[in-house]
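In terms of full-length UniProt numbering, the numbers along the sequence shown are unbroken and rise by one, the last being 509.
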Amino acid sequence: MVETLGATPRTVARTVTPALHRLAVLIGVIAMIAIVGVVLSTRAVDDLTEGLQPASVANQSVLQDLTDLDSASGAWARSGDPTALDQYQQALARLPGHEQAVAEYAADDVRLQALVERQGEAADKWLLDYAQPRVEAAGGPDTFQQQRYNRGKRLFEQVRAAHRDTSEVFGTRMREASRAATWRLRVTIGSVALLALLAWLMVARARSRLLADVSEPLVALEGVVHQMSKDPSVRARPVGPREVRSVASALNDLADAQSRARAVEDKVQEELRVLDTARDDFVSNVSHELRTPLTTIHGYLEMVAEEFEDTMSPRHERILQASRRNVARLKNLIDDLLILSKAENRATTLEVVDLVPLVRDAVTDVSIPAAGRGVDVQLVVGDRPVVVLADRPMLGRAILNLLTNAVKFSLDEGHVTVSVTVEDAPSGRVALVTVQDHGIGIPAKELERLGTRFFRASNAVTNEIAGTGLGLRIVQTIVEKHSGDVRIESEEGRGTRVRVRLPAQSDTA
């Protein structure tokens, strides 16, 4: 992709919109041609099936009626049977309707009208000069007259000849109408196919343009992100559309912030005398330094998602989703660092708290994301309240962390059981919150490391389960500040049970 120095970068919308407009116009033309072609083809077919074809059938019916009249008059002449006269009258009654249908269609065709009139005149002459007088005369074997028979035969041959000429014209009209309908349909199909090919070529050209202007800068940006994990000095080039350049600048700002954070961290590690104070300052400073570029990156990623909605290829969607997922992961890490810092340094404000509604609220919070994976979260509580002295927001956060972990490490379609009970202990009554899942569990050799900062079980990393490694540490810190403890039992592949024990108070306290 060629970049013009000093030129104002175009936005993704300005890059994509012209191609979309051209494609929309072409689709409109295709639709218009298809509609016009279908209308013309339908009209031709309608003319064929609703006008010409019924008229042609009616013309054949005229000949059939005349043939039936000839047969009936002949039968009367040979036998004198009155049944023949009934057949004659029936055929004679049908004939005018069929002749009328043919005449109405031929009214707009001079040549055909002339032939139809000639055919009608021949039929009338045969009826008046032979058929009608013959059925009015006596019938029977003794009434045969050779001269009259020959005259009738000659007149009927004239009717047949006139009908042949009319039928030939009808046949010609049928073939012409069929060819016209077929030609219109073929022209429509060919035009649509040609324009569809043109649309495909336009899409291919637009795709190449988008790859050059949008995709390649994003791919390069992705490569820079991967390189930064190995070489922190790598920076992204601000090329491509305006949005991509903004993301690259934000990424560079983030890398600079991370570099500054590492420098601060190194300095803090060297100042062992003031480790606790320096650590807190570091967490606070880094968190606030990262929030601004992180928010900017998140905003631009959402803008890219909105601008390219329903237009990105699956590969680009995966790139965008990966970027958004990593931004969310970094945000969670920052939030967890701040929460852990507050939990370690904040003075607890204790009040009387009923654990049952507190745990029920946490179950409600995780039920919706759990249902998305088919994980069933069940709460088991008694009828009496379970009262403790606690800092409500901090303890609520600890319980929510436990339930979130249980759901996160559960298998799809699994279930998590949460119970709140009270039990007696040598030191007094103890409130017990138990969270049992049936997920991936924790390897036995790693149980001792649980609760250390940033530690994540190896099978969680292998299964690509997101996390910061601070969740359980936050729980332990909060519970310990409430004079309680956290006990964990786990078996890899079978699940984990976490028990939070807190000093219980009297129900009436």
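Here a beta-carbon is modelled for each residue, glycine too, at the ideal position from N, C-alpha and C. In this text the structure is predicted, and so the values were computed from the model without any measurement.
Within the same chain, Cβ atoms closer than 6 Å to the Cβ of GLY493 are found at GLY441, the five residues on either side in sequence being excluded. Going by DSSP, HIS415 is part of no alpha helix (DSSP H) but of the beta strand (DSSP E) stretching over 415-425.
For PHE170, same chain residues with a beta-carbon under 8 Å away, outside a window of 5 residues either side, are LEU52, ALA55, SER56, ASN59 and LEU112 in chain order. In the structure shown, SER410 adopts coil according to DSSP, grouped into three states. Annotation: the continuous alpha helix (DSSP H) that includes GLU121 extends over 110-126. For GLN53, the uninterrupted alpha helix (DSSP H) run begins and ends at 53-79, by DSSP. For GLN378, the enclosing beta strand (DSSP E) begins and ends at 376-381. For GLU351, the enclosing beta strand (DSSP E) stretches over residues 351-354.
Judged by DSSP secondary structure, ASP437 falls within the beta strand (DSSP E) whose first and last residues are 428-437. The alpha-carbon of LEU26 is positioned some 10 Å away from that of TRP200. A direct Cα-Cα distance of roughly 58 Å separates ALA106 from ASP310. Taking all protein chains shown into account, ALA255 has 16 or more neighbouring C-beta atoms within 10 Å of its C-beta and is therefore buried.
Nearest Cα to GLY120 within the set VAL430, PRO141 and GLY97: GLY97. PRO385 and THR434 have their alpha carbons spaced roughly 16 Å apart. Closest in alpha carbon position to HIS415, among ARG397, GLN146, ALA101 and THR404, is THR404. Of the residues ALA257, SER229, LYS230 and GLU216, the one whose Cα lies closest to the Cα of ARG237 is GLU216.
Counting C-beta atoms within 10 angstroms of its own C-beta, VAL304 has 16 or more neighbours from the protein chains shown and is therefore classed as buried. Residue environment analysis places LEU128 among the exposed positions, since fewer than 16 neighbouring C-beta atoms fall within 10 angstroms of its C-beta.
It is roughly 10 Å from the alpha-carbon of ALA161 to the alpha-carbon of SER167. One thing to note: LEU502 has its Cβ within 7 Å of the Cβ of ALA431. In the DSSP annotation of this structure, GLY484 is not part of any beta strand (DSSP E), being labelled neither H nor E. Straight across, the Cα-Cα distance linking ALA72 with ALA84 is about 5 Å.
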